[in-house]
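Heads up, the sequence shown is in full-length UniProt numbering, so the first residue is 1 and it goes up one at a time. Step one of this worksheet: look at the structure below.
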Amino acid sequence: MTHSDTTVYDASRGFASAAALEKLGRAAKMHYPVDPRSDVTLLDFSENATFKVTDFHTGELSVIRVHRLNYHSYADVQSELAWLTALRREEGVRTPQILPGRDGDLVVKFDPGDRKGPRMCVRFEFLPGAAPAESNLLSEFERLGSVTARMHRHAKSWSRPAGFTRFNWTYHSAFGPNPRWGDWRKAPGVGDEQRRLLERLQSVLRERLRLYHENSRFGLIHADLRLANLLIADDEAAVIDFDDCGFGWYMYDLATALTFIEHTPEVPGLIERWLAGYTSVLPIDTQDRREVWTFILFRRLLVLAWIASHSTVDIAVQQGTDYTEGTCLLAERYLSVNG
C-alpha cells in the first residue's frame, strides 16, 4: 500500500495531509531514545502510518508504526509482538526486533495533540533487503511456502502467553453483519448483475468453508503474506508486517500471497511452487489442495470489500473497476466447477 504525495486516507478519520502524518511521526519519535533532531520520513500509509527514522547522532535506521484509531486494542498489539518475537527466537524465522520506548514499553501510548485521542506506536529495527523481484517469482514462491510452513509449525506448538488475543479471519468476520473490511457491494463497478454473481459466490464459499473447517486446519496465521511483506537480503528472507495476524485457516496464507495477481496466467505455477515449499516442511492433504481456489476467491472478495472501504487509497484507485471485473471472471470460473 502506498500514500499519495499530498493527501491520504485513514478509514477512521477521513482525509489527512502527508504533512500532518509526518507531524504525527515526529510526535511519536519523541517517545523513543533517539536524537530529537533525527529525520522522520513517511514510508507507507494504509491501515497504519509507517515512518523511517534516521538517528541524527548515530545514523541508525529504525521504523516507527503509528496505529490507526479503533482497529486494534493494546492487548492485540502486545500479542502480535509476542508472536513475531517467538518466531524469531524459537523457530528461527527472521522478523524485526522490537525496540522499546523511553519508558521501556514495547507498545507506546502517546497523545499527538491532534484532538483525535491517544495513539499507539511501535518501533522496529530497520531490516535490510527488498521484496522479491517479479522476474523470479517461481523460486520466491517456493521460498515463501517453506517460510509459511515454518510459521504454521511454530503456531501449532507454541504455548501462547496469558492474555494473548487476536481477531479471527473467518467467513463471519469477513462477510457477516459487521464485516471487518466493509461491504464488497459498495466497490466500484458492482452493479446488479455483478452483485448477484458475487452473492452466489459468497454462498458457495460459506458452504465449502463450513465443510472444510477442522481444528487441525485452523490456527494462528500471518494473514497478509504477500511478497511485499517478504524482504530478501543476502539470500535470507525476513517476514514483516504482522498487523493482520490472527486466527484463520492455514491455507488462507497461500491465498494472501496471490493478492492482486489471482487472475494472471502464472498463478497455477506459483501455487504449485508454494505448495512444494510448504510440503518440504509440513504435509498438505488432498482436501487442503482441493480448497486452494476457495481461499483464493475468499481473499479476492475480502480485498474487494477493502477497496470499497478505502476508495481514496492509491492502490484502491489503481485497481478500480478492473478489480471488480477480474473478480467476476474468477467467480464465474470457480462456480462453473464448484457452484
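Glycine included, every Cβ here is placed at the ideal spot set by N, Cα and C.
Length of the line joining the Cα atoms of R160 and W83: Your numbering for residue 160 matches position 160 in the sequence shown. Your numbering for residue 83 matches position 83 in the sequence shown. Cα to Cα, R160 sits roughly 8 Å from W83.
In DSSP terms, what Y39 is bridged to: Position 39 of the sequence shown, counted from the start, is the residue given in the question as residue 39. According to the sequence displayed, residue 39 carries Asp and not Tyr. D39 is bridged by DSSP to T54.
Assigned exposure category for H72 - 16 Cβ within 10 Å defines buried: As a working note, residue 72 is residue 72 in the sequence shown. H72 comes out buried.
Proximal residues to I221 (C-beta, below 8 Å), its chain only, five neighbours per side dropped: Position 221 of the sequence shown, counted from the start, is the residue given in the question as residue 221. Result list for I221: M151, H152, A155, W169, C245, G246, F247, G248, W249, Y250, Y252, D253, in chain order.
L304 to G189 span [Cα, whole Å]: Here residue 304 is taken as the residue at index 304 of the sequence shown, counted from 1. Here residue 189 is taken as the residue at index 189 of the sequence shown, counted from 1. For L304 and G189, the distance between alpha carbons rounds to 11 Å.
Cβ separation of T256 and D224, assumed to be a contact under 8 Å, to the nearest whole Å: Against the sequence shown, residue 256 aligns to sequence position 256. Against the sequence shown, residue 224 aligns to sequence position 224. The Cβ separation is near 5 Å, so the contact holds.
Of the listed residues G219, E291, L201, W184, nearest to residue 355 (C-alpha basis): This structure leaves residue 355 out entirely; the chain is present only between 1 and 339.
CB contact flag (K186, A316, <8 Å): Here residue 186 refers to the residue found at position 186 of the sequence shown. Here residue 316 refers to the residue found at position 316 of the sequence shown. No.
Separation of D234 from I271, as counted between CA atoms: Within the sequence shown, residue 271 is the residue found at index 271, counting from 1. Within the sequence shown, residue 234 is the residue found at index 234, counting from 1. So the two alpha carbons sit approximately 25 Å from each other.
8 Å contact criterion, which Y334 and L297 should meet: CB distance rounded: Numbered from 1 along the sequence shown, position 334 holds the residue referred to as residue 334. Numbered from 1 along the sequence shown, position 297 holds the residue referred to as residue 297. About 5 Å; that satisfies the 8 Å criterion.
Whole-number beta carbon distance between L87 and I98, since they are thought to touch under 8 Å: Position 98 of the sequence shown, counted from the start, is the residue given in the question as residue 98. Position 87 of the sequence shown, counted from the start, is the residue given in the question as residue 87. At roughly 12 Å, the Cβ-Cβ gap does not stay under 8 Å, so I98 and L87 are not in contact.
Opening and closing residue of the alpha helix (DSSP H) in which G320 lies: Taking the sequence shown and counting its residues from 1, one reaches residue 320 at position 320. From DSSP, the alpha helix (DSSP H) with G320 extends over 314 to 338.
Straight-line gap, S336 to L205 (C-alpha atoms, nearest Å): One-based indexing of the sequence shown puts residue 336 at position 336. One-based indexing of the sequence shown puts residue 205 at position 205. Whole-angstrom Cα-Cα distance: 13 Å.
Check whether L42 and A130 have beta carbons under 8 Å apart: By one-based count along the sequence shown, residue 42 stands at place 42. By one-based count along the sequence shown, residue 130 stands at place 130. For L42 and A130, no; Cβs fall outside 8 Å.
DSSP beta-bridge partners of M120: One-based indexing of the sequence shown puts residue 120 at position 120. Paired residues: K109.
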